[in-house]
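S.K.: Please read through the structure below; I'll follow up with questions.
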Amino acid sequence: MAGPSPPAAHADGGPGNRAHAKGRQGPPRRRVQPGCLGVDAIWQLIGMYCAWNGALGTGRALGCQEVEFFGQIRPRDGVVRYEIDIVRYQELPTSGSSIALGDAKVLVDDQEIYEIKRAKVGVFRDIDYPDYPWPSRHSRGGRLA
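In terms of numbering that gives the first Met the number 0, the sequence shown has 132 at position 133, counting the first letter as 1, and numbering is strictly consecutive.
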């Protein structure tokens, strides 16, 4: 019996300035997957989109506007699919940083189970701290102005 499809991801151009990214994975094997892992997968895929567009540096999840869960990923499920519409991508030339925003859906066997609005990821240069992960003046972060 064949197992689930291997992990895969791709991005392609969408209408206007939008891009469409999809990724898929096999299901977890032992228990229900926490919803926060699906949100993190969306942030990771948006980070990959930034890298595909030439962003260099360290990626950071910067939040999202809204998350809604109306299903879950169980061990018996087949394919988990992540769909993201990149609604904004901007390079910040003075700092060498990039920021992307996307609206996303997580689907299990073609049924939508999560919706994430305006997931935001930034890729920043020069934020690799030599004292990481120890407590320091760098260890708390802050708000973007």
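Here a beta-carbon is modelled for each residue, glycine too, at the ideal position from N, C-alpha and C.
Keep in mind the model is a prediction, meaning the values are calculated, not measured.
1) CB I41 to CB A103, shorter than 8 Å?
2) Would the beta-carbon of V107 fall within 8 Å of that of V79?
3) What separation, rounded to the nearest whole angstrom, lies between the Cα atoms of R30 and P92?
4) Among E90, D109, P129, which has the Cα closest to the Cα of V122?
5) Could you check if A54 is buried or exposed, using at least 16 other CB atoms within 10 Å of its CB as the buried criterion?
6) Label S97 either buried or exposed according to how many other C-beta atoms from any shown protein chain fall within 10 Å of its C-beta, with 16 as the threshold for buried.
7) Rank A50, V120, I126, G58 by C-alpha distance to the C-alpha of Q64 and give the top, closest one.
8) Is the beta carbon of R30 within less than 7 Å of some heavy atom of the ligand ATP?
9) Under a three-way DSSP split, which group does I41 fall into?
M.R.: In short:
1) yes
2) yes
3) 44 Å
4) E90
5) buried
6) buried
7) V120
8) Ligands in the displayed structure: none, and consequently the ligand ATP is not present.
9) helix
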